[in-house]
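Okay, structure first, notes after.
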Ligand SMILES: [Ca+2]
Ligand SMILES: [Ca+2]
């Protein structure tokens, strides 16, 4: 039930740092032995080999993994890894890098669950920084590592949760927890900025913004 | 009072598309005449030349510009443009790309107001997609072009705004507008997820999430 990361280049090393900071269980695959050696004492298992080979993916535990993240700098390589990993483990979630935006639809057709093009993301972020600087700064802090005060959290309401079948205004989410319910994902429906009369149902996925300590309380509740 | 974009490569072209879609006034500078020619009929002024030359920046109106976005694939080139544009117009806001994360502090020292490293951003996004997929999807839609329903908006409360000096619970932001106040930026203070008794002051910068049509109503109010 771990994550596999393919490639430790510029993008991959940032994936590495984030997963390590978030204390996620993961394994990395890196072809270049010199680069792999830099991570030898990181406490994270490193498989030295080519992630497009079945036996290398198997060595990284592809059959037991829940997610694979492939960060190679070429779209052909990533496409091959997307297809191979879905072949070896049809239940795995695959997140892939795209170097060119033209590659995005092809990677999706190959079975990728999520495709991220760093250049496009960066360009969009630069433009939005010029137009809505405060919103960009806010979103940045939400996903930044050092923001200990406020956070975005997501969790699913179980049928025995105290939140189940309560209207938002009776939930105390805002009053007791200082939290704001931004989105309810209910099946294929998305309810953005739900009103006070909205009733929270078992199975709802909630996206909540609020103080980090209150959020962990909430998630335990 | 326009924006200048330097470079129309992979990152720059995405800046171009976003600014165009958001109907911002802007000018681009591109050294490569063939690439520049592709934008000839875009309706956006293109200066063909090297953005590190004073006279090219002047041709793009650096003295009247409010923001410059430099997207070159090399950090030395971007650093030079950051320094030159601040020399020519000390009031300009400068947003720069960093190719290597090591370059970030240097670009900041050179005077950049905002430094964005697409690889680091992409890597962090890929890792967060594995950990908090719903939150990532939510944040993506906030800044995506086609999300017409919900949006993040920011605006400053003027002293004659009907919001000025009202407690959040009396503002009707949630009840009448279906909006959620996420953050108040007050001078150097940031108030995240403000409670119902928080009083909105003139000069406060508000970051609000809600239905797009209600937000434009709010901003006019
Ligand atoms: Ca969670
Ligand atoms: Ca605005």
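Residue numbers (the numbering used here), protein chains in the order written: chain A, 1 to 221; chain B, 1001 to 1221. Even for Gly, the Cβ is constructed at its ideal location relative to N, Cα and C.
- When rounded, the separation of the alpha-carbon atoms in residue 175 of chain A and residue 167 of chain A is 13 Å.
- If you check the CB distance, residue 153 of chain A and residue 208 of chain A come in under 8 Å.
- With its beta carbon less than 8 Å from one in chain B, residue 211 of chain A belongs to the interface.
- The C-beta of residue 60 of chain A comes no closer than 8 Å to any C-beta of chain B.
- With a contact defined as Cβ atoms closer than 8 Å, residue 1135 of chain B and residue 150 of chain A miss out at about 13 Å.
- Note: residue 1152 of chain B is bridge-paired with B:1209 in the DSSP secondary-structure output.
- Annotated as distal: residue 79 of chain A and residue 60 of chain A, with beta-carbon spacing of 8 Å or more.
- The beta carbon of residue 1054 of chain B is closer than 7 Å to those of 1084 and 1088 in its chain, skipping five residues each way along the sequence.
- Under DSSP, residue 179 of chain A shares a beta bridge with no residue.
- Comparing alpha carbon positions, the residue from A:125, A:8, A:23 and A:157 closest to residue 205 of chain A is A:157.
- Nearest to residue 1165 of chain B by C-alpha distance, out of B:1201, B:1090 and B:1098, is B:1201.
- Apart from the 5 residues on each side of it in sequence, residue 1 of chain A sits with its Cβ closer than 8 Å to the Cβ of 25, 64, 65 and 66 in its chain, given in chain order.
- Following the DSSP letters along the chain, one finds residue 1077 of chain B inside the alpha helix (DSSP H) bounded by residues 1075–1088.
- In the DSSP assignment, residue 192 of chain A falls within the beta strand (DSSP E) that extends over 189–192.
- The Cβ of residue 89 of chain A sits no closer than 8 Å to any Cβ of chain B.
- In the three-state DSSP reduction, residue 1167 of chain B falls in the strand class (E or B).
- Remark: C-beta atoms of residue 107 of chain A and residue 6 of chain A do not approach each other more closely than 8 Å.
- Residue-level contact check: residue 1149 of chain B touches chain A, since one or more beta carbons of chain A fall below 8 Å from its beta carbon.
- When the beta-carbon positions are compared, residue 44 of chain A and residue 20 of chain A come within less than 8 Å of each other.
- Residue 1182 of chain B and residue 180 of chain A do touch by the CB rule: their CB atoms are close to 7 Å apart, below 8 Å.
- For residue 196 of chain A, the C-beta contacts it makes with chain B under 9 Å involve 1174 and 1175, in order along the chain.
- Listed in chain order, the positions of the stretch 1098–1127 of chain B with a beta carbon within less than 9 Å of a beta carbon of chain A are 1099, 1100, 1101, 1113, 1114, 1116, 1117, 1118, 1119, 1120, 1121, 1122, 1123, 1124, 1125, 1126 and 1127.
- Rounded to whole angstroms, the separation of the alpha carbons of residue 1010 of chain B and residue 1038 of chain B is 14 Å.
- Residue pairing of residue 30 of chain A in beta bridges, as defined by DSSP: A:48.
- One Cα belongs to residue 1120 of chain B, the other to residue 216 of chain A, and the distance between them is close to 27 Å.
- At a Cβ-Cβ threshold of 8 Å, residue 123 of chain A and residue 1012 of chain B count as neighbours.
- Burial check for residue 189 of chain A: the Cβ neighbour count within 10 Å stays below 16, so the residue is exposed.
- Within the same chain, 1005, 1015 and 1095 come within 6 Å of residue 1069 of chain B by CB-CB distance, once the 5 residues on both sides are set aside.
- Per DSSP, residue 69 of chain A is one residue of the beta strand (DSSP E) stretching across 67–70.
- A distance below 7 Å between beta-carbons, with the five flanking residues on each side excluded, links residue 1048 of chain B to the following residues of its chain, in chain order: 1030, 1033 and 1036.
- Put simply, the backbone Cα of residue 105 of chain A is about 11 Å away from that of residue 116 of chain A.
- Separation of the CB atoms of residue 177 of chain A and residue 220 of chain A is rounded to 12 Å, and the pair is thereby denied contact status at 8 Å.
- It is roughly 7 Å from the alpha-carbon of residue 1203 of chain B to the alpha-carbon of residue 1186 of chain B.
- In this structure, B:1113 is the residue among B:1018, B:1113, B:1090 and B:1091 with its C-alpha nearest to the C-alpha of residue 1097 of chain B.
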